[in-house]
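Note sheet for the following structure.
Number of protein chains: 2
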Amino acid sequence: MHNQHVKDWKKLQTKKQRKKTNTYLLDGWHLVEEAINAGNQIVALIATEEQLALHDDIVTREFPIYEVTNEIMATITDTVSPQGIAAEVELPGDRFTKPETSHGAWLFLDRVQDPGNIGTMIRTADAAGFAGVVASQKTADLFSPKIVRAMQGSQFHLHLRQGDLVDWITLFKTEGHPVYGTQLNPQALNFREVTPVEDFALIMGNEGHGMDATTLNETTANLYIPMNGQAESLNVAISAGILMFQLNQKIK
Amino acid sequence: MHNQHVKDWKKLQTKKQRKKTNTYLLDGWHLVEEAINAGNQIVALIATEEQLALHDDIVTREFPIYEVTNEIMATITDTVSPQGIAAEVELPGDRFTKPETSHGAWLFLDRVQDPGNIGTMIRTADAAGFAGVVASQKTADLFSPKIVRAMQGSQFHLHLRQGDLVDWITLFKTEGHPVYGTQLNPQALNFREVTPVEDFALIMGNEGHGMDATTLNETTANLYIPMNGQAESLNVAISAGILMFQLNQKIK
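Spelled out as structure tokens, the structure:
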């Protein structure tokens, strides 16, 4: 085991290193298996002796396998309880691709910051049958360890993109599909009054500051969730969940 | 400043001490103000010199005020960034009261474990206009610092109870109101097919193990949220949010 490998895997916790190598780290057999099944390129499979024995069928695969100790496993992952098996996997090749179609339901994240919220929203979008999630350039990097952990494999089920939201909004509108904002203003619509359609986008804003003024200006309509007068607000991931399951009713 | 005070405030992070003193700790001016406005008994107001100066109107109040340093503030609260003002407040007197009415929408927590999930569900129930939340005896204590932080003052807007869920379920059913479980089984109903009513209860189960068999056996119906086949599941707080806003449509 070259020490340099361990250092490099550990560095995948940083955006800089992920950009440099065009890879990210998956922690745990379940995610590693999804990546293999999805045909993602596995740059390195890293596991303890015990985990390799449990999954001995993977040893025949055509990717490099590294046996490491529990201590090394703990240093390369940022989890409290690493699962003893991880993989360095190539990042999706299309993650910065500009929009080419506005088919299906899409979630746009406008400068959302908290990794747990972002990961949970992606996981919820997946469950709600969304086609993809697009993060604005000022949203946290979608392949950070915390987001990867929270999205629980949803990157293998829907499109994850990062780019200028205005490009995406313009395409949806040009193709005749609604783009819903979530900024409370006097013209905002009760979300229950929106007729669900097949193709649309929903934008969730920053936890503290809401949506960017430029993005907001481009929406078709703004939605609000009616609330008890005493409640201050809903957590952004909870709001997103309520709206996504209301707006996308394809899955019956 | 008696050192014993500081030790006792710090101990309020434990369930044992809260039970002994029948009090809990609120961190931050916003929550302290809500407690004062709600008429809760303030056993001690604890603040730094700076915070006391900012809120000098409270000095005239009829409760003991203790000026402490930032360091003491940091030891008694378990937050990364304490807000410099806290209060030891009496716990709600009715929190173990047995059910006496089944009016309104109620959320029952059946052995839910994660404090963040519990606090978020209480906050969401508040926003959705629920009358109260009941935690089963095996659910985490509702006044732990993490839950108090996550529920963001909702304890001042709705009833929080802890007790035997079977007592509550029996009352709702006796009074003719539905009690919805959330355990997937062959008889489960698509949540969109339920007609919203004024008075009902919704039960959310444990993150890993779902609902208790005894509780499950007593439900009127079990609901499911239709999901994309590839998604594994929803976070329990997200599911609760979707269901609560669908079932309780009083707030328009």
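Top to bottom, those sequences are chains A and B.
If you use our numbering, the first sequence corresponds to residues 2 to 253, in order.
If you use our numbering, the second sequence corresponds to residues 2 to 253, in order.
Idealized CB from N, CA, C, for every residue including glycine.
Round the Cβ separation of residue i and residue j to the nearest angstrom and send it over; I've been treating them as touching at under 8 Å.
i, j, result
"residue 42 of chain A", "residue 86 of chain A", "Actually they do not touch by this definition, with Cβ atoms about 17 Å apart."
"residue 255 of chain A", "residue 26 of chain A", "As displayed, chain A neither begins before 2 nor continues past 253, which places residue 255 of chain A out of reach and without an answer."
"residue 243 of chain B", "residue 226 of chain B", "6 Å"
"residue 103 of chain A", "residue 172 of chain A", "5 Å"
"residue 228 of chain B", "residue 106 of chain A", "Not quite, the Cβ-Cβ distance comes to about 14 Å (not below 8 Å), so this is no contact."
"residue 195 of chain B", "residue 235 of chain B", "Actually they are not in contact, since the Cβ atoms of residue 195 of chain B and residue 235 of chain B sit about 17 Å apart, beyond 8 Å."
"residue 135 of chain A", "residue 166 of chain A", "7 Å"
"residue 180 of chain A", "residue 202 of chain A", "5 Å"
"residue 133 of chain B", "residue 161 of chain B", "7 Å"
Who pairs with residue i in a beta bridge, going by DSSP?
i, result
"residue 160 of chain A", "A:133"
"residue 91 of chain B", "B:24"
"residue 47 of chain B", "B:67 and B:87"
"residue 107 of chain A", "A:133 and A:202"
"residue 224 of chain B", "B:190"
"residue 207 of chain B", "B:211"
Against chain B, does residue i count as a neighbour if the rule is that its beta carbon must be under 8 Å from one of theirs?
i, result
"residue 104 of chain A", "no"
"residue 242 of chain A", "yes"
"residue 127 of chain A", "yes"
"residue 80 of chain A", "no"
"residue 36 of chain A", "no"
"residue 160 of chain A", "no"
"residue 121 of chain A", "yes"
"residue 130 of chain A", "yes"
"residue 114 of chain A", "no"
"residue 148 of chain A", "no"
"residue 205 of chain A", "no"
"residue 229 of chain A", "yes"
"residue 77 of chain A", "no"
"residue 246 of chain A", "yes"
So, is residue i buried or exposed, given that buried needs 16 or more other C-beta atoms within 10 angstroms?
i, result
"residue 116 of chain B", "buried"
"residue 177 of chain A", "exposed"
"residue 111 of chain B", "buried"
"residue 98 of chain B", "exposed"
"residue 57 of chain A", "exposed"
"residue 138 of chain B", "exposed"
"residue 35 of chain B", "buried"
"residue 190 of chain A", "exposed"
"residue 100 of chain A", "buried"
"residue 183 of chain B", "buried"
"residue 187 of chain B", "exposed"
"residue 94 of chain B", "exposed"
"residue 230 of chain A", "exposed"
Answer with yes or no whether the minimum CB distance from residue i to chain A is below 8 Å.
i, result
"residue 235 of chain B", "yes"
"residue 74 of chain B", "no"
"residue 201 of chain B", "no"
"residue 1 of chain B", "A question about residue 1 of chain B goes unanswered here, because the residues of chain B that appear run from 2 up to 253."
"residue 223 of chain B", "no"
"residue 153 of chain B", "yes"
"residue 232 of chain B", "yes"
"residue 39 of chain B", "no"
"residue 226 of chain B", "yes"
"residue 238 of chain B", "yes"
Kindly indicate the opening and closing residues of the alpha helix (DSSP H) around residue i.
i, result
"residue 186 of chain B", "Premise fails: residue 186 of chain B is in no alpha helix (DSSP H) and is neither H nor E."
"residue 173 of chain A", "166–175"
"residue 124 of chain B", "116–128"
"residue 113 of chain B", "No alpha helix (DSSP H) holds residue 113 of chain B; DSSP gives it neither H nor E."
"residue 247 of chain A", "237–248"
"residue 9 of chain B", "4–12"
"residue 147 of chain B", "146–152"
"residue 35 of chain A", "30–38"
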